[in-house]
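Contents: one structure, followed by commentary.
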Amino acid sequence: MNASLTAARLGYRRGWIEFKQTLTNADTLVPMVIVTMAFLGVMLLTRTTTVPGTHFSLGTTMLTSVLGMSIGVNGLTSMGTLLAAEREDGTLLRAKAIPQGMTGYLVGKIVTVSLSTLIGVAGTLVTGVFLFSGLALGSAAAWLTLIWVLALGLAATLPIGAVLGSLFPSARSSGLMTLALGGIVAISGIFYPITHLPHWLQWVGQVFPFYWLGLGMRSALLPTSLVAVEIGHSWRHLATLGVLAGWAVIGLAVAPWLLRRMARRESGSSVAARHEKAMLRAR
Amino acid sequence: MAEDIVVDVRDLRMRYGRKDVLDGVSFAARRGEVLALLGPNGAGKTTTIEILEGFRMRSAGQVSVLGADPAHAGEVWRARIGVVLQSWRDHARWRVGELLEHLGAYYAPYSAPGLPRPWDAGELIATVGLTEHARQKVRRLSGGQRRRLDVAIGIVGRPEVLFLDEPTAGFDPEARREFHDLVHRLADRDEATILLTTHDLDEAEKLADRILILSGGRIIADGSADELSRRMSTQAEVRWSRDGQRFVHSAQEPTRFVRDLFRQYGESVEDLEVRRAGLEDTYMALVRQAEYAQEPTAEAARRFSVTG
Chain A
1 MNASLTAARL GYRRGWIEFK QTLTNADTLV PMVIVTMAFL GVMLLTRTTT
51 VPGTHFSLGT TMLTSVLGMS IGVNGLTSMG TLLAAEREDG TLLRAKAIPQ
101 GMTGYLVGKI VTVSLSTLIG VAGTLVTGVF LFSGLALGSA AAWLTLIWVL
151 ALGLAATLPI GAVLGSLFPS ARSSGLMTLA LGGIVAISGI FYPITHLPHW
201 LQWVGQVFPF YWLGLGMRSA LLPTSLVAVE IGHSWRHLAT LGVLAGWAVI
251 GLAVAPWLLR RMARRESGSS VAARHEKAML RAR
Chain B
1001 MAEDIVVDVR DLRMRYGRKD VLDGVSFAAR RGEVLALLGP NGAGKTTTIE
1051 ILEGFRMRSA GQVSVLGADP AHAGEVWRAR IGVVLQSWRD HARWRVGELL
1101 EHLGAYYAPY SAPGLPRPWD AGELIATVGL TEHARQKVRR LSGGQRRRLD
1151 VAIGIVGRPE VLFLDEPTAG FDPEARREFH DLVHRLADRD EATILLTTHD
1201 LDEAEKLADR ILILSGGRII ADGSADELSR RMSTQAEVRW SRDGQRFVHS
1251 AQEPTRFVRD LFRQYGESVE DLEVRRAGLE DTYMALVRQA EYAQEPTAEA
1301 ARRFSVTG
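Which chain is which? The protein sequence lines are A and B, in order. According to my numbering, the first sequence is numbered sequentially starting from 1. According to my numbering, the second sequence is numbered sequentially starting from 1001.
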């Protein structure tokens, strides 16, 4: 059989094995559950508050926006931190020492992160249906929109996550990335309508994928009347498609080159040097 | 026998900034040969091996491993090479058997007639003595067990050339002996060419057909353990006893000395022992000699800078 095909197939298996590991290990499962619960808690607190200018629950709106945001944040941070951490601990070097190992490794990462994102979205959505009223899940169009926003969201953020992961020198410094993302999310209209921000901040927010992921999910899951709250009173599907596809194209254009450069630099002594540095910090 | 040369290094140079880490290293290894790269810290052992593995670019010189330049070789070449890496935390959540099976599967498309790849994971786990731990998670292994798993991962693809950087650091004596048996088996039965670095002279002597001593970025000695000590030692220690009395003598030419001894005393010579300098003495002498040879220039430079 063709060697790259074998490697891709092995990558799928690798992704599945590591996905199962995230679900069966307390150190990965517990934070995932805690974060989800924290978000659900905030939404529950705002369940009876209404979106300004409507009689609709702010909590329900927030639920849909957070679903969108979590796709983007997962794609970026999980991919980025995993790559930085696994470069540090030598996983990447092992992949490099094996024929087509890098192909398998990357396919594996994409599968693991995608599956984790999917299960996160599914978990939040299922819980949300029971806790919140007003979600419009009845039509096929709703599900169709949900699926394309989800798929495009992953395509837009996974390659950028890989880019960030290969740029950060260590797993620790990738924590900075999470912090910066927090700032961007804050101006992306996830927790409160973006139209209440100063004009220039609205523009900044709309550069990044999080706003569009939130908008896409709101368009899929909220009643049509809520479109009145959005910029231009429109769900702007075409623009959503355009911005997310743009990020995907940028990511896919840059990521392979950066990943190759990063892989080229890996060697036993560079892993050993980072190990030593990490040990010094731990002491 | 040119096609029997598997590793060929000529005038290899590596420069970091203004420091020459490798300063014209040349050597070759034949199929099935076990080579030990010996030398003090910072001598350039790891740099050399990483260049041969294709993990590091060189500054100058010619390098060929299995007929290809490691810096530009492709995946087919990669499949014929084994690298034993030092694990730290990688794949901590994987089970031992599961990981070996998975990593081995990448080699399957590179099987050749009479050379099926990879090794059976179960058999290999038994070979490195981890059968009891096959279902355990990698993070639960002890240091020595983890190292044996590293070795298993390095050879799972049935490599024709195997690189090991300090393979037995942290092994207990029993694990060390098992590892030595494994290396011998790979070299003898599978004709794998093996290049390893070590600090352990005893290990180099036991494992290697040939020892290269690297110091200050140059190879200062190349030969079997026996050849090296023969080359270095001008003196041997001769011990014997006669009429219950013990004698020790340092001889320039021990063979002639012993012949004379027997001619003179015949049957009454007992407990005869002739001991050449061991590898450790040889190694220390060679390294000291090399350092001394480099010293005068450094000394001169220092003096120059003081007066200038």
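We put the CB at the ideal spot given by N, CA and C, even for glycine.
- DSSP places H237(A) inside the alpha helix (DSSP H), whose first and last residues are H237 to R264.
- By the neighbour-count definition (other C-beta atoms within 10 Å, threshold 16), P223(A) is an exposed residue.
- Following the DSSP letters along the chain, one finds L40(A) inside the alpha helix (DSSP H) bounded by residues A26 to L45.
- Residue range T1193 to T1198 is occupied by the beta strand (DSSP E) that includes T1198(B).
- The three-state reading of DSSP puts Y1016(B) in strand, counting E and B together.
- A Cβ-Cβ separation of about 23 angstroms leaves S70(A) out of contact with G138(A) under the 8 angstroms criterion.
- CA-CA distance, M177(A) to I34(A), rounds to 20 angstroms.
- Between V254(A) and G161(A), the alpha-carbon positions lie close to 11 angstroms from each other.
- For F1163(B), the enclosing beta strand (DSSP E) has its first and last residue at V1161 to D1165.
- Around A228(A), the same chain offers G53 and T54 as residues with beta carbons nearer than 8 angstroms, after the five sequence neighbours per side are excluded.
- At a cut-off of 8 angstroms between beta carbons, F1055(B) contacts chain A.
- Rounded to whole angstroms, T1255(B) and V1034(B) show a C-alpha spacing of 31 angstroms.
- With contacts defined as CB atoms closer than 8 angstroms, R1148(B) and L1164(B) fail to qualify as a contacting pair.
- CA-to-CA, the gap between A141(A) and V185(A) works out to about 27 angstroms.
- At a cut-off of 8 angstroms between beta carbons, I119(A) makes no contact with chain B.
- For S174(A), the enclosing alpha helix (DSSP H) starts and ends at S174 to A186.
- The beta carbon of E266(A) sits closer than 8 angstroms to some beta carbon of chain B.
- Look at R94(A): its C-beta is under 8 angstroms from a C-beta on chain B.
- Counting only the Cα atoms, L1286(B) lies some 14 angstroms from D1226(B).
- Not flagged as an interface residue toward chain A: Y1283(B), since no C-beta distance is shorter than 8 angstroms.
- At a cut-off of 8 angstroms between beta carbons, A1192(B) makes no contact with chain A.
- Taken through DSSP and simplified to helix, strand or coil, V1128(B) comes out as coil.
- Counting only runs of 4+ residues, the alpha helix (DSSP H) found wholly inside the region 1011 to 1088 of chain B occupies 1045 to 1053 and 1075 to 1079, in chain order.
- According to DSSP, residue pairing for Q1245(B) in a beta bridge involves R1242(B).
- For the pair R1117(B) and I98(A), the Cα-to-Cα distance works out to about 13 angstroms.
- Straight through space, the alpha carbons of T1047(B) and G1097(B) are spaced by roughly 32 angstroms.
- Between G216(A) and T240(A) a beta carbon distance of about 5 angstroms is seen, short of the 8 angstroms cut, so the two are scored as contacting.
- Listed in chain order, the positions of the region 1072 to 1088 of chain B with a beta carbon within less than 7 angstroms of a beta carbon of chain A are E1075, R1078, A1079, V1083, L1085, Q1086, S1087 and W1088.
- DSSP lists L1212(B) as the bridge partner or partners of D1222(B).
- What A1105(B) touches in chain A, judged by beta-carbon distance under 7 angstroms, is L10, going in chain order.
- Close CB contacts of T22(A) within its chain, under the 8 angstroms cut and outside five residues either way in sequence, are with T28, L29, M32, T112 and S116 (chain order).
- Setting aside the 5 residues that flank it on each side, M1014(B) is surrounded in the same chain by V1021, L1022, T1047, R1058 and S1059, each with a C-beta closer than 6 angstroms to its C-beta; the list follows chain order.
- I17(A) reaches chain B at W1094, E1098 and H1102, counting residues in chain order whose Cβ is nearer than 8 angstroms.
- Of the residues assessed, I147(A) falls on the exposed side of the cut-off, its CB having fewer than 16 other CB atoms within 10 angstroms.
- Nearest to V207(A) by C-alpha distance, out of A273(A), G75(A) and V243(A), is V243(A).
- C-alpha of R1242(B) to C-alpha of E1270(B): approximately 6 angstroms in a straight line.
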